Structure formats: C-alpha cells, structure tokens
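Report on the following structure.
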Amino acid sequence: MNELVVVLQREAGNIGRLAVEHLVWLVCIPVALAIAVGVPTGILLTRWERMSGAVLGTASVIQTIPSLALLGFLIPLVGIDKKNAIIALFLYSLLPIIRNTYTGIKEVDPSLVDAGTGMGMSNLQRLRLVELPLALPVLMAGIRTATVICVGIGTLASLIGAGGLGDLIMRGISMVNNNVILAGAIPAALLALLLDFLLGRLEKAMTTR
Amino acid sequence: MIRLEKLCKTFAGGVEAVRDVSLHIPEGETFVLIGLSGCGKTTTLRMINRLIEPTGGAVFLGGRDVTHADPVKLRRGIGYVIQDIGLFPHMTVAANIGIVLRLCGVPRPRWTSRAAELLDLVGLPADEYLHRYPGELSGGQQQRVGVARALAADPPVLLMDEPFGALDPITREQLQAEFRSLEAQIQKTIVLVTHDIFEAVLLGDRIGIMAEGRLVQVASPEELLARPANQFVRKFLGRHRFQLQLTTAEASQGTLDDGRADVLTVPAEMSAAQVTAHLERHDLEAVVVEDNGSGVVGVLSAGELSRGGGAPLTDLVAEEVPVLPEDASLLDVVRALNATQTALVPVVNSEGRLTGVATRDSAAAAVAAALGLQDGRESGQ
C-alpha cells in the first residue's frame with residue numbers, strides 16, 4: 001500500500017499527462033467521430049428500415065473482433081500511431097451509438113408520431129421536434145456506453161504506440177510491478193466513472209421532462 | 210365541404226379495407242362514422258388527411274381535389290384528434306396547443322395567447338394550465354388539450370378518431386356533453402369515428418354505418434333508429450335501439466297538450482287550502498307551482514300539502530322532483546318519472562318558464578309513438 005502511494009507520487013506528472021492524452025486522443029476524438037457518423041446513420045435506418053438489419057449486423061460483427069486483433073489488423077493499413085487507435089476505437093463506438101439512436105427513435109410512442117404527422121409536421125420537423133427529443137435518453141445511454149468502452153480498450157492502444165494511460169500499465173507489466181500497473185489502471189477506471197457521471201448530468205440537463 | 214368519391218383502399222397483402230365509399234358532408238355538419246373494429250372507418254378517416262393514401266377514388270375538400278396535394282400543407286389545415294390523445298410529453302400545454310402555429314412560423318407571443326384562448330374554450334383555466342406538462346394532467350384534461358390543439362389554427366375541418374375512447378365512462382360522458390355544446394359554438398365540419406352508438410346518436414348530425422369496408426347506411430340518428438336499412442344495421446343497434454330512440458325524441462313529445470296542462474299548474478300565491486281543493490276538484494295527485502316572476506318553482510303533491518300545514522307553497526314543493534330543460538330527451542322524462550315516483554314532471558325553457566307538463570300517461574303514449582308501436586309500424590326485433 002505504501003509503495004503504491006510512493007509510485008503514485010513519483011508518477012503524478014506522468015499520470016496527468018497520460019490521462020489528458022488518453023481523454024483527448026483515445027476517448028473524445030473517436031467518440032466524437034462515432035457520434036458524427038453513428039447518429040445520422042441511426043436516423044437514416046429508421047427511415048430506411050430495410051437497411052437496418054444489414055447495418056446493425058455489420059456494426060455488431062465489428063464489435064466482436066477482439067480489440068488486440070483489430071489493432072493488429074490496422075497496422076498494415078495505417079501503421080503504428082494514434083491514427084490506428086482512433087480508427088479502432090471509432091469502430092467500437094459505432095455499434096452502441098447507431099443501435100441506441102435507432103431503437104431510441106423506434107421506441108417513441110407511435111401515437112405521438114401519428115399526432116405529429118397528422119398535424120402537418122414534415123419528416124424533418126417531426127425528427128427535430130418529436131423523435132430526437134424523446135429518443136435523447138436512449139441515445140445518450142449509447143454515447144455513455146461508447147465512452148466507457150473507449151476508456152477501457154484505449155489502454156491497449158499503448159501497444160501500438162498511441163500513448164495514454166496504457167503506457168503505465170504496459171510499463172508495469174514489463175517491470176513486473178503491480179503498483180505501476182495500478183498507477184495506470186486506477187486513473188483509467190476513475191476516468192471512465194467520471195465521464196459516465198458527467199454525461200449522465202448532461203443528459204438530465206438536456207431533457208427537461 | 211368534404212366529398213369522398215368512390216374511395217378505395219387495398220392494403221399490401223390484398224386486404225380490402227375500404228371499398229367504394231362515396232359521401233358528401235356539407236359545411237358545419239358533424240358526421241359520425243361507426244362500425245365494428247376492422248370495418249374501415251378509421252382507414253376512411255385517415256384517407257381524408259392522407260395519413261393513408263387511397264388506392265382508388267378521390268377526396269375533395271372545399272371543392273378541391275386533395276388526393277395529389279402536398280400532404281404536409283393539407284394536414285395543417287385539418288384539425289386532428291386521436292384516441293391516444295398524443296400530447297407531446299416534453300412540451301408544455303401551451304407549446305402542444307401552439308404546435309401547428311409554430312410549424313407555420315407564427316411568433317411565440319401569438320401562439321401563446323391563442324393557446325390561452327383555446328384552453329378557456331375547452332374549460333381549463335389558462336393561467337393554471339398553460340405552463341404545465343401533459344404528464345401532470347388527468348386523461349380528461351389531456352383530451353381537452355388535444356381538442357384545443359386541433360383547433361389552434363382554426364381549421365375548417367376537424368377529424369376525430371375515437372376521441373373519447375380512452376377515457377373512463379364518467380369522464381367520457383362529461384366530455385361528450387361538453388363537446389356537444391362546443392361543436393355548436395365552433396361551427397366546424399367534423400368527421401368523428403367511434404364504435405359507441407350512444408356517442409354517435411348524441412353527437413352526430415348524420416351517421417354512416419360501415420361494414421366490411423362499405424357504407425351500409427347514411428342517415429340522421431332519428432332516421433337510422435326508426436328505419437334501419439337492413440339486418441346488419443338492426444343487429445348493430447341491437448338491444449340499445451329502444452333506449453336510443455327515446456334519447457333522440459325530445460322531452461316536449463312526452464308532455465300534455467296545452468288545454469289539459471292548464472289544470473296542472475297553480476300560481477305560487479295560492480294558499481295550501483286552495484290547492485288541496487283544486488286537487489280534489491280535478492282528481493289530481495300533484496300540480497306544478499309557477500311563480501309569475503321567477504318561473505316554475507317545483508312540483509307539489511297532496512302528501513306535501515297535508516304535511517306542510519299552512520306554509521307558503523314555495524316552501525312545500527318536493528325537492529326530489531326535477532324540472533327538466535327543454536332540450537332534455539324523452540328518456541330523461543321517463544327516468545325522472547320513474548326515479549321519483551311522482552305523477553308529473555315539468556319541462557321549462559331556458560328562462561325557467563313552463564313549456565309543458567309530462568305525466569305517466571303522456572310519457573307512455575309518447576314512448577309508444579317514438580317506438581312506432583301505436584300506428585302498427587315496425588316495432589324492432
């Protein structure tokens with residue numbers, strides 16, 4: 001226990017730098033990209049039912065590829081750096097975001113959709129005024145899931161030189177020093193909890209009712 | 210105002226939901242479409258605002274063929290009320306009512322004041338309800354807001370798909386009664402779908418009965434009840450037919466003609482002894498007491514007279530005997546006579562003046578006439 005405190009004190013500067021790196025490159029950027037692609041895709045699927053099986057199926061298949069393997073697959077394509085990790089984490093974030101956007105909208109009470117259409121809302125107005133506001137809690141849950149996935153899988157990105165808190169964990173493994181491993185793992189876990197909490201607050205703020 | 214011409218709808222899969230429905234609904238009429246589930250009444254309604262596209266025939270609104278009009282613009286000019294109410298839970302009552310105006314780009318102060326005006330019209334105080342959310346309202350209050358929302362853009366046509374179907378029976382009756390006076394006020398052309406024949410008879414100027422996608426009979430409530438077109442309609446009206454016929458008959462049909470009614474009325478200034486003598490002379494059980502200034506006071510029977518001693522007549526009248534308004538139905542007369550066991554029930558106009566007196570005999574004769582028993586006409590099943 002004392003040793004852990006010593007390690008944490010010694011590595012404090014490192015932990016801070018790596019946590020920021022982790023947050024920006026391995027969480028924010030891939031999740032933002034996944035939102036930019038996944039939310040419109042999910043919306044399109046609700047308008048184009050026939051494609052939903054194929055698209056959600058593909059996203060699920062990507063999700064089942066072991067993360068180490070996916071990082072490996074990408075090496076010949078994009079090389080060893082942050083780009084590789086961003087692409088992999090983006091792909092892992094897609095499924096929860098597409099699926100939750102799609103189901104969130106599909107689960108809006110059909111009588112509300114009927115009322116909206118019947119009163120003369122265009123497709124886009126109905127989306128903006130009725131479907132998206134009511135799907136927001138489910139959509140946000142997808143973004144939270146994606147964020148937590150990225151914090152976790154992001155620790156593996158260290159193996160392909162993408163940095164982040166994984167650096168400390170990998171260093172600890174090669175030094176056979178559990179305290180160094182924990183110096184990376186504990187901040188990573190705290191980061192995941194913190195982000196989940198903040199997104200939960202954001203969701204509440206966005207939905208008045 | 211609304212004209213349907215050979216309207217057909219065959220759904221993918223070959224189900225013929227609506228077959229060859231032709232109908233003309235003049236301006237200001239409340240037309241009720243009724244039938245069993247799956248008879249095509251809702252499909253017909255939803256083809257008017259093109260939530261369902263017809264596979265044949267045409268819909269005309271105000272003389273214009275709207276079968277190929279822009280559906281979004283079309284729907285903004287048609288009020289729409291649904292059974293599930295469909296208020297948007299994330300918007301305030303004001304925002305819900307103002308939604309069509311908002312879609313048309315009307316600025317906030319104007320749609321807010323319009324919402325307040327309409328809330329008052331449907332009987333919800335605006336300052337109390339304007340900024341609440343639908344989740345905080347009861348079912349009946351929600352559907353009042355639903356009706357207000359449909360009226361927001363002042364559309365000439367109102368489509369209502371079982372608007373009171375999701376409410377409990379007591380709330381439903383109350384809303385039906387309120388809607389009845391509302392429809393007289395707003396002067397809209399209304400198409401209302403229901404499966405409740407009592408609702409149809411109460412609210413409809415004309416009723417169209419549908420079966421298997423076809424219009425089986427179109428008639429006024431009285432006509433429909435008196436002359437069902439065929440066995441299906443007869444069966445549909447079923448055991449409620451007698452009661453419904455009494456509902457459509459007016460209370461005045463059950464009252465005595467003027468000459469005989471004169472004896473049944475006494476002025477409030479008469480003394481108790483004079484009334485007792487009057488009852489004995491004409492062999493009556495009871496009389497109506499009328500005050501020259503304020504109109505009908507109530508009904509007075511021999512029993513109350515003898516118990517009351519010398520008190521003024523106005524204090525003696527039987528409290529449990531109702532005074533019926535002119536627009537009451539013959540059924541109300543029968544119920545009043547039956548419930549109170551009195552010999553007579555007065556009917557008054559809106560100023561409280563006596564317009565007729567119904568006795569058991571006069572009511573019974575009217576019931577017989579309403580049911581077509583007297584002149585040997587068709588007497589139901």
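Residue numbers (my numbering), protein chains in the order written: chain E, 1 to 209; chain V, 210 to 590.
Cβ atoms here follow ideal geometry from the backbone N, Cα and C, with glycine treated the same way.
All values reported here derive from a predicted model rather than from experimental measurement.
Inter-segment contact for the region 420 to 427 of chain V and the region 384 to 391 of chain V is absent: fewer than three beta-carbon pairs are separated by less than 8 angstroms. Within the region 107 to 130 of chain E, Asp109, Ser111, Leu112, Asp114, Ala115, Gly116, Thr117, Gly118, Met119, Gly120, Met121, Ser122, Gln125, Leu129 and Val130 place their CB atoms closer than 8 angstroms to a CB of chain V, listed in sequence order.
Under a criterion of Cβ atoms nearer than 9 angstroms, the residues of chain V adjacent to Pro133 (chain E) are, in order, Phe297, His299 and Met300.
Closest in C-alpha terms to His22 (chain E), from the list E:Leu165, E:Leu124, E:Met206 and E:Thr207, comes E:Leu165. If you draw a straight line from the Cα of Ala520 (chain V) to the Cα of Ala481 (chain V), it comes to about 7 angstroms. Going by DSSP, Ser231 (chain V) is part of the beta strand (DSSP E) stretching over Glu225 to Ile234. Partner residues in a beta bridge of Gln454 (chain V), as assigned by DSSP, do not exist. Arg126 (chain E) is positioned such that its CB atom lies closer than 9 angstroms to that of Val113 (chain E). The CB of Val402 (chain V) never comes closer than 7 angstroms to any CB in chain E; the least such distance is about 13 angstroms. For Gly504 (chain V), the uninterrupted beta strand (DSSP E) segment begins and ends at Gly504 to Ser510. Judged by their CB atoms, Val475 (chain V) and Val497 (chain V) are nearer to each other than the 9 angstroms cut-off.
At a cut-off of 9 angstroms, the C-beta of Gln292 (chain V) has a neighbouring C-beta in chain E. Look at Met419 (chain V) here: in three-state DSSP terms it is strand.
Only residues of its own chain outside the window of five on either side were considered, and among them none has a CB closer than 8 angstroms to the CB of Gly16 (chain E). Contact between the region 95 to 112 of chain E and the region 41 to 57 of chain E is present: 3 or more CB-CB pairs across the two stretches fall below 8 angstroms. For Thr207 (chain E), at least one C-beta of chain V is nearer than 9 angstroms to its own C-beta. In this structure, DSSP gives Lys397 (chain V) a state outside helix and strand, which the three-state scheme calls coil. Interface annotation, Gly286 (chain V): in contact with chain E, CB-CB separation under 9 angstroms. Contact annotation, Leu367 (chain V) with Gly288 (chain V): C-beta distance approximately 4 angstroms; criterion of less than 8 angstroms satisfied. In this structure, Leu312 (chain V) sits away from Met140 (chain E), with a CB-CB distance that is not shorter than 9 angstroms. Beta-bridge pairing by DSSP links Cys217 (chain V) to V:Gly265. Each of V:His404, V:Asn558 and V:Arg358 was checked against the Cα of Val532 (chain V), and the nearest Cα belongs to V:Asn558.
Counting only runs of 3 or more residues that sit fully inside the region 403 to 448 of chain V, the beta strand (DSSP E) segments are 415 to 420 and 423 to 428, in chain order. The alpha-carbon of Leu193 (chain E) is positioned some 12 angstroms away from that of Ala185 (chain E).
Here DSSP, grouped into helix, strand and coil, assigns Leu493 (chain V) to coil. Here Tyr92 (chain E) carries a helix assignment [DSSP, helix/strand/coil]. Between the alpha carbons of Asp363 (chain V) and Val356 (chain V) lies a gap of roughly 12 angstroms.
Asp500 (chain V) sits in a strand when the DSSP states are folded into three classes. Per DSSP, the unbroken beta strand (DSSP E) holding Met369 (chain V) starts and ends at Val366 to Asp370. Asn258 (chain V) reaches chain E at Gly118, counting residues in chain order whose Cβ is nearer than 7 angstroms.
DSSP places Ala567 (chain V) inside the beta strand (DSSP E), whose first and last residues are Leu563 to Thr568. Assignment of alpha helix (DSSP H) within the region 290 to 351 of chain V, counting only whole runs of 4 or more residues, yields 302 to 306, 308 to 312, 317 to 330 and 335 to 338 in chain order. For Ile243 (chain V), no alpha helix (DSSP H) run applies; the uninterrupted beta strand (DSSP E) run containing it begins and ends at Thr239 to Gly244, by DSSP.
Taking the CA atoms as reference points, Asn179 (chain E) sits about 7 angstroms from Val7 (chain E).
Shown here, Leu71 (chain E) sits in a helix according to DSSP, grouped into three states. Setting aside the 5 residues that flank it on each side, Ala325 (chain V) is surrounded in the same chain by Ala335 and Leu339, each with a C-beta closer than 7 angstroms to its C-beta; the list follows chain order.
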